[in-house]
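If you read the protein sequences in the order shown, they are chains A and B.
For the first sequence, the numbering used here assigns the number 1 to the initial residue and increments by one for each residue that follows.
For the second sequence, the numbering used here assigns the number 1 to the initial residue and increments by one for each residue that follows.
Idealized CB from N, CA, C, for every residue including glycine.
Treat the numbers as computed from the prediction; the structure is a model and nothing was measured.
2 protein chains.
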Amino acid sequence: MSMPKGTSGSKVVVLRWGHRPRDLRVTTHVALTARALGASGFILADVEDKSIKAKIDEVAVEWGGRFSFEMGVPWREAVERWKESGGIVVHLTMYGQNVSETDVMHKIRSSHRDIMVIVGSQKVPSEFFSEEFSDYNIAIGGQPHSEVAALAVFLDRLFEGSELSRKFEDARIGVLHSPRGKRLVRVDSGLSTSNEIV
Amino acid sequence: MSMPKGTSGSKVVVLRWGHRPRDLRVTTHVALTARALGASGFILADVEDKSIKAKIDEVAVEWGGRFSFEMGVPWREAVERWKESGGIVVHLTMYGQNVSETDVMHKIRSSHRDIMVIVGSQKVPSEFFSEEFSDYNIAIGGQPHSEVAALAVFLDRLFEGSELSRKFEDARIGVLHSPRGKRLVRVDSGLSTSNEIV
Chain A
1 MSMPKGTSGS KVVVLRWGHR PRDLRVTTHV ALTARALGAS GFILADVEDK SIKAKIDEVA
61 VEWGGRFSFE MGVPWREAVE RWKESGGIVV HLTMYGQNVS ETDVMHKIRS SHRDIMVIVG
121 SQKVPSEFFS EEFSDYNIAI GGQPHSEVAA LAVFLDRLFE GSELSRKFED ARIGVLHSPR
181 GKRLVRVDSG LSTSNEIV
Chain B
1 MSMPKGTSGS KVVVLRWGHR PRDLRVTTHV ALTARALGAS GFILADVEDK SIKAKIDEVA
61 VEWGGRFSFE MGVPWREAVE RWKESGGIVV HLTMYGQNVS ETDVMHKIRS SHRDIMVIVG
121 SQKVPSEFFS EEFSDYNIAI GGQPHSEVAA LAVFLDRLFE GSELSRKFED ARIGVLHSPR
181 GKRLVRVDSG LSTSNEIV
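Here you go:
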């Protein structure tokens with residue numbers, strides 16, 4: 001897929017911490033949001049959930065692009081591996097620096113480094129806030145809301161909106177945006193023809 | 001609460017359509033996102049769900065601000081009432097005009113009218129796309145993701161980020177943003193003193 005502007009080629013991976021079975025739909029939304037808004041991969045830390053993987057794989061096959069999905073890897077191992085490879089870690093938390101009141105997004109973009117974005121679910125361990133763990137603790141406002149919303153705003157600001165215009169390679173299906181109605185296009189590979197199917 | 005810039009005083013209400021019991025957590029995230037990102041009310045159309053109302057009320061009491069919560073009102077009635085009072089209706093759908101490729105946000109902001117934002121869950125009725133129903137069909141990108149994410153990006157762009165710096169009146173509790181650690185402040189009303197409680 002084409003690279004969003006604004007990050008100079010930085011790769012973004014989203015790590016979901018603290019997933020429980022009851023989080024099935026919310027965690028699925030986190031992963032779909034990561035994919036749709038410019039991240040190149042998703043890690044479901046510590047646990048496995050095959051129904052989430054199946055859903056994300058299904059979307060990725062139909063709608064194209066490259067998106068990695070890992071699950072069951074211990075969070076500490078995933079973070080250490082990321083840091084060893086030179087990436088930075090951003091922990092999204094309402095207690096962190098407010099994205100709208102600091103220059104933190106500019107700092108992150110201008111670092112030109114790959115970014116792991118951590119989103120929690122239940123209460124996260126206090127070490128997530130430490131320098132050992134996170135390079136930045138960033139708040140999408142100071143009110144309780146949603147890790148899906150926080151991730152979406154973070155990615156939209158990181159990529160400065162360009163992520164919503166990206167092309168996803170090898171898609172079988174795509175949307176034709178229009179002011180009215182629903183237009184889906186099935187792309188017949190090799191023929192480059194499109195048919196309105198809805 | 002202070003009014004976010006960029007909308008010239010427009011009031012935003014979010015209507016959730018198609019809620020089912022299994023959507024409990026996602027719909028709660030939609031409502032919390034609406035409140036945290038500058039909307040002044042939420043309508044759970046057609047059905048009632050007391051556990052969602054209880055959660056939102058609890059947050060509003062603790063964290064302050066004015067936020068209306070309605071449920072059980074038929075969607076058609078809610079939309080007609082809104083339009084009769086002069087408001088516009090924005091339907092968030094991946095099939096609509098891409099927010100990153102059109103000037104639709106500028107048009108909406110410059111209309112200076114109150115805005116009802118509709119977010120669906122399951123497949124929405126085709127009439128949602130019609131002129132009778134929606135003034136704008138807006139896509140937050142053309143990939144499947146999440147109504148929570150779509151709402152978050154829409155509100156962040158509508159209010160141009162100012163929504164994340166708003167003060168919520170009469171809050172009992174608030175965050176002290178910081179690069180490290182968790183700092184919650186309990187506001188003792190009348191005394192204006194703050195104590196770090198976490």
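The beta carbon of residue 172 of chain A is closer than 8 Å to those of 61, 62, 63, 64, 186, 187 and 189 in its chain, skipping five residues each way along the sequence.
Under the criterion of beta carbons closer than 8 Å, residue 164 of chain B and residue 119 of chain B do not qualify as touching, at roughly 20 Å.
Taking a cut-off of 8 Å on C-beta distances, the region 177 to 184 of chain B touches the region 123 to 134 of chain A, as three or more cross pairs fall below it. By the neighbour-count definition (other C-beta atoms within 10 Å, threshold 16), residue 112 of chain A is an exposed residue. Not a single C-beta of chain B is nearer than 7 Å to the C-beta of residue 122 of chain A.
Residue 19 of chain B places its beta carbon 7 Å or farther from that of residue 134 of chain B.
Residues of chain B whose Cβ lies closer than 7 Å to the Cβ of residue 63 of chain A are, in chain order, 143 and 144. Per DSSP, residue 121 of chain A has no beta-bridge partner at all.
Residue contact with chain B for residue 158 of chain A: absent (no Cβ-Cβ distance below 7 Å to any residue of chain B). Residue 24 of chain B sits in a helix when the DSSP states are folded into three classes.
Nearest to residue 30 of chain B by alpha-carbon distance, out of B/149, B/81, B/103 and B/161, is B/149. Within the region 160 to 190 of chain A, the beta strand (DSSP E) runs of at least 3 residues that lie entirely inside it are, in chain order, 173 to 175 and 184 to 188. The Cβ-Cβ distance between residue 43 of chain B and residue 28 of chain B does not fall below 7 Å. For the pair of segments examined, the region 69 to 76 of chain B was found to touch the region 32 to 47 of chain B: the number of CB pairs separated by less than 8 Å reaches three. Under DSSP, residue 77 of chain A shares a beta bridge with no residue. According to the DSSP assignment, residue 37 of chain A belongs to no alpha helix (DSSP H), since it is labelled neither H nor E.
Residues of the region 172 to 186 of chain A with a C-beta atom less than 9 Å from some C-beta of chain B are 174, 175, 176, 177, 178, 179, 180, 181, 182, 183 and 184, listed in chain order. The continuous beta strand (DSSP E) containing residue 91 of chain B extends over residues 88 to 98. Residue pairing from DSSP places residue 69 of chain B in a beta bridge opposite B/42.
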